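According to my numbering, the residues represented by the sequence shown are 14 to 451, in order.
Below is one structure, written out as structure tokens, with a few remarks after it.
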Amino acid sequence: MNTHTVIIGGGISGLSAANFLSKKTSNFIIVESDKRPGGIINTSLEGGYICENGPNTILDNNPAIIELLKDLNVHEDLIYANNEKIKKRYLLVNDRLTKIPMNFFDFVTTPILSIYSKFRVFFEIFISRHKINTSVKDFISTRFGNEFHNKIIVPFLTGIYADDTSKMSAKNTLKILWKLEQKFGSIIIGLFKKEKTPPAKIFTLDGGLSKITSLLSDKFQNQILLETKVKGIKKESNSYKISFNNREDIVCKNIISTIPAYSLKEIIFDNRIKKALSKVDYNPIDVFHFGFNKKDIKNEIDGFGLLTKPEDRKSFLGILFSSNIFSHVSGKDKFLMTVLVGGKRQKELCELPPKKIEKIILDEIFKLFKINSNPELIKHFRWKNGIPSYSMMISSLEDEIKYFENKNSNFSIIGNYHLGVSVSDCINNAKNLIENKL
Ligand SMILES: Cc1cc2nc3c(=O)[nH]c(=O)nc-3n(C[C@H](O)[C@H](O)[C@H](O)COP(=O)(O)OP(=O)(O)OC[C@H]3O[C@@H](n4cnc5c(N)ncnc54)[C@H](O)[C@@H]3O)c2cc1C
């Protein structure tokens with residue numbers, strides 16, 4: 014069989030690539046190894062609760078997302094997160110929920126940082142810019158001090174990347190802060206001088222984020238091969254030959270890979286890129302959903318969620334107060350919490366049987382929120398390879414990918430392990446690829 018383009022992977026990267034490519038040609042197929050399209054986007058409806066096992070929210074921060082949603086005719090159905098709740102995010106100080114400062118007054122009065130640390134933050138304007146890329150830990154500690162790094166940045170970033178800040182690349186994970194430092198010589202000065210844009214909003218859809226990937230998969234129902242795993246790719250003179258677990262080979266001119274690095278390294282023909290891909294580390298994440306009757310929660314739970322730092326000695330990275338963010342995810346008298354466990358910090362927890370972790374976390378949650386009754390809903394989902402590490406070797410990975418793509422024209426590699434981990438990055442990168450390279 015011959016086809017012009019094969020998109021490997023039916024997660025949001027692959028399905029968005031299909032959407033943008035369909036505006037130029039219909040001569041493509043999408044190949045997805047699972048029986049369910051969507052990859053990490055994975056909503057389940059559980060007895061009146063809408064549970065997100067993967068991403069909970071999407072940031073509306075680039076035009077590609079809106080274009081995609083318009084193409085699916087759902088751009089007017091977006092449910093934006095409660096604006097008031099978003100502003101209230103918590104850290105723990107002596108086991109008490111303490112609001113993360115969001116304005117100058119909160120910053121001056123917060124008990125999260127010592128007085129010394131608050132002064133140290135403003136000293137940032139005198140620190141010279143970095144000449145070369147460095148780790149997040151070094152970047153933030155040098156600019157704002159160790160305490161600010163340990164108490165604010167560590168919980169925030171482990172909530173997104175589940176990684177170790179001393180290994181993460183500042184240039185790739187703190188893109189905006191890095192650019193401000195490079196352009197203005199100081200992040201604080203940069204924040205004052207940069208052009209003001211309205212903050213991006215976060216949203217979901219009724220029925221959850223899987224609605225987007227289901228609509229995309231329906232749109233391409235005649236072009237998507239589910240339960241079809243790519244087993245190998247061979248390069249021929251002007252084309253590629255792809256073999257599968259369950260069907261005859263396909264010869265194609267273009268390949269777009271959107272699968273994780275650990276999958277691509279198994280099937281790709283070039284040893285040099287294989288080696289680079291095998292260095293990408295992934296951190297595990299366990300997701301727990303707990304649905305409570307509101308009357309069983311003594312302390313009213315306000316705000317967006319809670320993040321922890323290592324010294325809190327908790328068995329979770331963070332908790333999203335899902336019913337506060339989007340009220341439709343549970344009944345009015347119910348409260349849904351989504352708890353994230355694991356990452357580099359708690360790797361060993363993700364090897365325990367889920368029932369064991371569940372008990373540990375529930376004990377901690379009961380104490381923190383003064384809850385006196387078991388949840389009526391308990392659901393667990395394990396991502397063995399949840400979130401890719403944006404380590405210091407990311408620049409050499411990017412160079413290797415560019416080198417490979419130059420040598421193998423018509424073979425493009427996108428995905429969440431080198432171009433940005435968020436769903437909005439994945440959609441934007443798919444659009445850029447189709448517009449600029451195909
Ligand atoms: C727990 C968790 C919470 C998150 N929360 C957020 C959030 O709130 N907001 C946000 O923006 N981002 C979040 N993210 C990140 C974001 O969800 C992912 O980065 C994004 O969904 C990745 O999409 P993708 O299409 O690049 O990859 P995937 O979703 O991994 O898709 C790749 C697809 O390729 C398929 N595949 C693999 N190998 C083969 C093969 N050989 N042949 C055929 N098919 C193959 C897989 O089955 C999979 O469907 C979260 C991630 C996790 C794990």
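From the three backbone atoms N, C-alpha and C, an ideal C-beta is built for every residue, glycine too.
Here the structure is a predicted model, which means the values were calculated and not measured.
- Each residue's CA atom was taken as its position, placing L349 and R142 some 44 Å apart.
- With the rule of 3 Cβ pairs closer than 8 Å, the stretch 29 to 42 does not count as touching the stretch 351 to 370.
- Taking a cut-off of 8 Å for Cβ pairs, the stretch 325 to 340 and the stretch 420 to 430 do not touch, as fewer than three such pairs fall below it.
- For E59, the uninterrupted beta strand (DSSP E) segment begins and ends at 56 to 59.
- In this structure, the CA atom of R260 is about 12 Å from the CA atom of G245.
- Here the alpha carbon of T147 sits roughly 26 Å from the alpha carbon of S127.
- Distance check between F379 and each of F303, E324, M181, L446 places F303 closest, using alpha-carbon atoms only.
- With fewer than 16 other Cβ atoms inside 10 Å of its own Cβ, P124 counts as exposed.
- Between ligand 1 and P367, a heavy atom-to-CB distance of less than 6 Å is absent.
- Residue ranges of uninterrupted alpha helix (DSSP H) with 4 or more members, entirely inside the stretch 390 to 440 and ordered along the chain, are 407 to 420.
- Listed in chain order, the non-local C-beta contacts of I63 below 6 Å within the same chain comprise G221, V342, local neighbours out to five positions each way being set aside.
- In this structure, K372 is the residue among A183, L170, K372, L229 with its C-alpha nearest to the C-alpha of H393.
- In this structure, the C-beta of P323 stays at least 6 Å away from each heavy atom of ligand 1.
- In this structure, I370 and D299 form a Cβ contact; the two beta carbons are roughly 6 Å apart against a cut-off of 8 Å.
- With 16 or more other Cβ atoms from the protein chains shown falling within 10 Å of its own Cβ, T56 counts as buried.
- When beta bridges are read from the DSSP output, D299 appears opposite V354, R395.
- Residue side-chain check: E45 places its Cβ nearer than 6 Å to a non-hydrogen atom of ligand 1.
- The C-beta distance from F216 to I71 rounds to 6 Å, short enough to meet the 8 Å contact threshold.
- Under a 10 Å Cβ-count criterion, G24 is classified as buried, with 16 or more other Cβ atoms of the shown protein chains found around its own Cβ.
- Secondary-structure assignment with DSSP links E65 through a beta bridge to T56.
- Counting along the chain, the unbroken alpha helix (DSSP H) around T171 starts and ends at 167 to 174.
- The beta carbon of T122 sits no closer than 6 Å to any heavy atom of ligand 1.
- Here the distance from the Cβ of G24 to the nearest heavy atom of ligand 1 is below 6 Å.
- In the DSSP assignment, V149 falls within the unbroken alpha helix (DSSP H) covering 149 to 157.
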